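*Asks:* Next up is a structure, given as structure tokens.
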């Protein structure tokens, strides 16, 4: 386990690399990032490095004394990542912000799974790939503050000498108590980000999100959604990258006002118990259905602790628990069973 | 939700059905059980009804005031079950003993999964099936008492007019702290039960258990094993039924001495936290790898709460938690990584 806190505030003014803006040294060497600064692989890495620092700093400011642990790790077969995690804080029970930049060859089995997702990859032989992404799950302690999840990623595969690339990502909210104003604000902020790029994005990606984060065996959504997309490679690389940056930049404006509004809300044993039961459902979704998690757990030598960073600190199960009719808990269940249009 | 506590203590002295020995009315009507009393389907149902009551009574005696809830449920497409669950007790944080007796047609998809398990079923058309089983997970509160899981089941499929049948099952132990004497007693009791039937059973089924309950992404077993078997249909139905009864009868002798030995052991915050982290691993195994759970969650209209009764009341995750070298927690991890021969 390599634990590494950035010491030097070295700036390379002639290019895109500024170490003071990152939580740790980049995964790729500074030299290589400089040499290939116009390559999308480098641009995405630099972007997620900056985004990770910006988000950790913003959460750290709210939290106070408990600090993010910074874990920079290497992947034996190429690349690595930086895991930042804050546990047992006053505001945040568990907040993880992870970036990974990995490359190597994609086993046939994995490529076949991608084919099944609609992207036809030649799965008979291993394919060289590159993936860079940022992903985060933030579980606050106060049940009046929703859990936030977001993930933005860039993927490249070399197929018969040709580079196939795409972006994916999304941001979604999992409240324990429904505050309609919060959910409206959250979706409206995402819609504004989407609308700057394509007027069809928000509607499509909101629906995609509602259809993806489903705890199927319960017939309920994990939360109140947001946006989710994958395999986006149109109209062109520059436009999609610009859209992905817009979405990632919208994360803090989506979420910070909700944290600040509720961080001092009162709650008791009843609300905490309900939050823990809903966190049990979060665990059920992530371990049973989430593609990223399943994909990660099946990957030999994957960094399990960075993958399972998404799980809450504590989760609970109770036989046949059902909220009372008309209770605040029942109101939440209503929108988890029947997603609404929030904007 | 049908909640039903058996009121009448009706005995039908001329046959195998004695309602006073069950937690609730049988799933199959008493008339049918009487008419078909020599059929293995009825014999297995009567056996698991009795076993459920015997085990619940034994746990209830240890627990004291908090009682088992008894939930008798019907399955729309044929059969039903009786779920008995005790939560938030002094000794048992969550103890579930479930029986189910279901029949109907096996969808082609499900039959194919069975084919993949080595049993060649004609998966192009739906097949009539019958399944009866008892399954139980007992999560005590005291971290010095291990969690117990057992499951015994009988399966029949009608294939081109011919009845294909088999038994499966197992009993396994998941300690939080290693007491070698306990584990020896547990395995020895199972070995004695096995040895009465086939001298190769214990060795084979112990190995099967070690290979089955693996949290693959962690490279560790869920617990210290026990026995596990499936698809057993030799030498003949009577012999296998007799073996399965022997195993189910061994559950209490395996476990009660361990509960009684440790139920008043002292423990503190440190031991409780470790127990909760290990329960997180229990959740990971059950939701990611357990065939029964995955099969259940994929089944339309399955009784989710009875399937997920196996999950602990509370589970916890902590980033990169590792026990200190030489600690009692590290000693446990050693045997979870390298299963031993206990007898």
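Protein chains in written order, with this note's numbering: chain U, -6 to 336; chain B, -6 to 336.
C-beta atoms are modelled at their ideal positions from N, C-alpha and C, and glycine is treated no differently.
This one's a predicted model, so the numbers in the text were calculated from it and none came from an experiment.
With a Cβ-Cβ cutoff of 8 Å, do residue 315 of chain B and residue 208 of chain B count as a contact?
*Replies:* Position 322 of the second chain holds residue 315 of chain B. Position 215 of the second chain holds residue 208 of chain B. No.
*Asks:* Use the C-beta contact count for residue 293 of chain U: other C-beta atoms within 10 angstroms, 16 or more gives buried, fewer gives exposed.
*Replies:* As a working note, residue 293 of chain U is residue 300 in the first chain. So residue 293 of chain U ends up on the exposed side.
*Asks:* Could you check whether residue 310 of chain U and residue 180 of chain U sit closer than 8 Å to each other, using their CB atoms as the reference points?
*Replies:* Here residue 180 of chain U corresponds to residue number 187 of the first chain, with the count starting at 1. Here residue 310 of chain U corresponds to residue number 317 of the first chain, with the count starting at 1. The answer is no: Cβ separation not under 8 Å.
*Asks:* Can you find a C-beta in chain B that's less than 8 Å from the C-beta of residue 322 of chain U?
*Replies:* Walking along the first chain from the start, residue 322 of chain U turns up at place 329. Residue 322 of chain U does not count as touching chain B.
*Asks:* Should residue 328 of chain U and residue 171 of chain U be called a contact, given that it needs their Cβ atoms to be closer than 8 Å?
*Replies:* In the first chain, residue 328 of chain U corresponds to position 335, counting from 1. In the first chain, residue 171 of chain U corresponds to position 178, counting from 1. Closer than 8 Å, so yes.
*Asks:* Just curious, the beta strand (DSSP E) that residue 286 of chain U is in, first and last residue?
*Replies:* The sequence position of residue 286 of chain U within the first chain is 293, counting from 1. Here residue 286 of chain U belongs to no beta strand (DSSP E); instead the alpha helix (DSSP H) covers 284 to 291.
*Asks:* Residues in the region 68 to 90 of chain B with C-beta within 7 Å of chain U's C-beta atoms, listed in sequence order?
*Replies:* Cβ contacts with chain U come from 78 and 80.
*Asks:* Is the beta carbon of residue 269 of chain B less than 8 Å from the beta carbon of residue 295 of chain B?
*Replies:* Residue 269 of chain B sits at position 276 when you count from the first residue of the second chain. Residue 295 of chain B sits at position 302 when you count from the first residue of the second chain. No, Cβ-Cβ distance for residue 269 of chain B and residue 295 of chain B is not below 8 Å.
*Asks:* Is the CB of residue 210 of chain U under 8 Å away from at least one CB in chain B?
*Replies:* The count along the first chain starts at 1 and reaches residue 210 of chain U at position 217. Cβ-Cβ to chain B under 8 Å: yes for residue 210 of chain U.
*Asks:* For chain B, find out if any of its Cβ atoms is closer than 8 Å to the Cβ of residue 276 of chain U; answer yes or no.
*Replies:* The count along the first chain starts at 1 and reaches residue 276 of chain U at position 283. Yes, residue 276 of chain U lies at the interface with chain B (some Cβ there is under 8 Å from its Cβ).
*Asks:* Do residue 177 of chain U and residue 232 of chain U count as a contact pair if the criterion is CB distance below 8 Å?
*Replies:* By 1-based counting over the first chain, the position of residue 232 of chain U is 239. By 1-based counting over the first chain, the position of residue 177 of chain U is 184. It is not a contact, given that the beta carbons lie outside the stated cut-off.
*Asks:* Any contact of the region 221 to 229 of chain B with the region 154 to 170 of chain B, i.e. 3+ C-beta pairs under 8 Å?
*Replies:* In short, these stretches touch, since the Cβ pair count reaches three.
*Asks:* Starting from residue 91 of chain B, follow its DSSP beta bridges and name the residues at the other end.
*Replies:* Along the second chain, read from residue 1 onward, the residue named residue 91 of chain B stands at position 98. Per DSSP, B/76 and B/128.
*Asks:* Anything in chain U within Cβ reach of residue 308 of chain B, meaning under 7 Å, just list it in chain order.
*Replies:* The count along the second chain starts at 1 and reaches residue 308 of chain B at position 315. Within chain U, the residues near residue 308 of chain B are 308.
*Asks:* Any idea if residue 156 of chain U is buried or exposed, counting beta-carbon neighbours within 10 angstroms, 16 or more meaning buried?
*Replies:* By one-based count along the first chain, residue 156 of chain U stands at place 163. Classification for residue 156 of chain U: exposed.
*Asks:* Roughly how many angstroms separate the alpha carbons of residue 141 of chain B and residue 38 of chain B, rounded to a whole number?
*Replies:* Within the second chain, numbered from 1, the residue matching residue 141 of chain B stands at position 148. Within the second chain, numbered from 1, the residue matching residue 38 of chain B stands at position 45. One C-alpha to the other measures close to 22 Å.
*Asks:* Does any residue of chain B have a CB that is nearer than 8 Å to the CB of residue 281 of chain U?
*Replies:* Here the question's residue 281 of chain U lines up with position 288 in the first chain. Chain B contact via Cβ: present.
*Asks:* Across the region 92 to 103 of chain U and the region 47 to 59 of chain U, are there enough close Cβ pairs to call them in contact, namely three or more that are closer than 8 Å?
*Replies:* Not touching, per the Cβ criterion.
*Asks:* Scan the region 227 to 261 of chain B and note each continuous alpha helix (DSSP H) run of 4 residues or more that stays entirely inside, going in chain order.
*Replies:* With a minimum length of 4 residues, the continuous alpha helix (DSSP H) runs that stay inside the region 227 to 261 of chain B are 230 to 242 and 244 to 255.
*Asks:* If residue 312 of chain B and residue 298 of chain U are in contact, beta carbons under 8 Å, what's the gap, nearest whole angstrom?
*Replies:* The residue you call residue 312 of chain B lines up with position 319 of the second chain. The residue you call residue 298 of chain U lines up with position 305 of the first chain. Rounded, the Cβ-Cβ distance is 6 Å, consistent with contact.
*Asks:* Ignore the nearest five residues each way along the sequence and tell me which others in residue -3 of chain B's own chain have a CB closer than 6 Å to its CB.
*Replies:* For this step, residue -3 of chain B is matched to residue 4 along the second chain. The predicted model places residue -3 of chain B with a pLDDT of 44, which falls under 50 and marks its position as unreliable; any figure quoted below should be read in that light. For residue -3 of chain B, where only same-chain residues beyond five positions count, the Cβ hits under 6 Å are 17 and 65.
*Asks:* Taking the straight line between their C-alpha atoms, what separation do you get for residue 14 of chain U and residue 43 of chain U?
*Replies:* Sequence index remark: in the first chain, residue 14 of chain U carries index 21 (1-based). Sequence index remark: in the first chain, residue 43 of chain U carries index 50 (1-based). Distance between the alpha carbons of residue 14 of chain U and residue 43 of chain U: 6 Å.
*Asks:* For residue 331 of chain B, count neighbouring C-beta atoms within 10 Å of its own C-beta (all shown protein chains included) and say buried if the count is 16 or more, exposed if not.
*Replies:* Within the second chain, the letter at position 338 stands for residue 331 of chain B. Exposed, because fewer than 16 other Cβ atoms sit within 10 Å of the Cβ of residue 331 of chain B.
*Asks:* Please name the residue in U/333, U/53, U/275 and U/130 whose C-alpha comes closest to that of residue 337 of chain U.
*Replies:* Because chain U is modelled from -6 through 336, residue 337 of chain U falls outside the range shown and cannot be assessed.
*Asks:* Taking all protein chains shown into account, decide if residue 227 of chain U is buried (16 or more other Cβ within 10 angstroms of its Cβ) or exposed.
*Replies:* Stepping through the first chain from its first residue, residue 227 of chain U is reached at position 234. It is exposed - the Cβ of residue 227 of chain U has fewer than 16 other Cβ atoms within 10 Å.
*Asks:* What residues in its chain sit with their C-beta under 7 Å from that of residue 48 of chain U, if we drop five residues either side in the sequence?
*Replies:* Working through the first chain from its first residue, we reach residue 48 of chain U at position 55. Once the five neighbours on either side are set aside, the close Cβ partners of residue 48 of chain U are 90, 129, 244 and 245.
*Asks:* Can you confirm whether residue 56 of chain B, when its beta carbon is compared against all beta carbons of chain A, has any partner nearer than 8 Å?
*Replies:* The structure shown has no chain A; the protein chains it does contain are U and B.
*Asks:* Would you decide whether residue -6 of chain U is buried or exposed? Buried here means 16 or more other CB atoms lie within 10 Å of its CB.
*Replies:* Mapped onto the first chain, residue -6 of chain U falls at position 1. The predicted position of residue -6 of chain U is uncertain, since its pLDDT is 37 and thus under 50; no value can be drawn from it.
*Asks:* Tell me the DSSP secondary structure of residue 85 of chain B in three-state form.
*Replies:* In the second chain, residue 85 of chain B corresponds to position 92, counting from 1. Three-state result, residue 85 of chain B: strand.
*Asks:* With H, G and I counted as helix, E and B as strand and the rest as coil, what does DSSP make of residue 310 of chain U?
*Replies:* Position 317 of the first chain, counting from 1, holds the residue named residue 310 of chain U. Coil.
*Asks:* Quick one: residues in its chain with C-beta nearer than 7 Å to the C-beta of residue 183 of chain B, no 5 flanking neighbours on either side, listed in chain order?
*Replies:* Numbered from its first residue, the second chain carries residue 183 of chain B at position 190. Within the same chain, residue 183 of chain B has close Cβ partners 164, 195, 219, 220, 243 and 247.
*Asks:* Residues in its own chain within less than 8 Å of residue 238 of chain B by CB, not counting five upstream and five downstream?
*Replies:* By 1-based counting over the second chain, the position of residue 238 of chain B is 245. Here the set comprises 40.
*Asks:* Measuring only the C-alpha atoms, how far is residue 7 of chain U from residue 253 of chain U?
*Replies:* For the purposes of this step, residue 7 of chain U is taken as the residue at position 14 of the first chain. For the purposes of this step, residue 253 of chain U is taken as the residue at position 260 of the first chain. Low confidence applies here, because residue 7 of chain U scores a pLDDT of 47, under 50, leaving its location unreliable and the question unanswered by this model.
*Asks:* Which bits of chain U does residue 311 of chain B rub up against, with CB to CB less than 8 Å?
*Replies:* Start at 1 with the first residue of the second chain, and residue 311 of chain B comes out as number 318. Simply 80 and 306.
*Asks:* How far does the beta strand (DSSP E) with residue 328 of chain U in it extend, from its first residue to its last?
*Replies:* Against the first chain, residue 328 of chain U aligns to sequence position 335. That residue, residue 328 of chain U, is in no beta strand (DSSP E); its alpha helix (DSSP H) goes 321 to 330.
*Asks:* Which residue marks the beginning of the beta strand (DSSP E) containing residue 201 of chain B, and which one marks its end?
*Replies:* Locating residue 201 of chain B in the second chain gives position 208, counting from the first residue. That residue, residue 201 of chain B, is in no beta strand (DSSP E); its alpha helix (DSSP H) goes 194 to 205.
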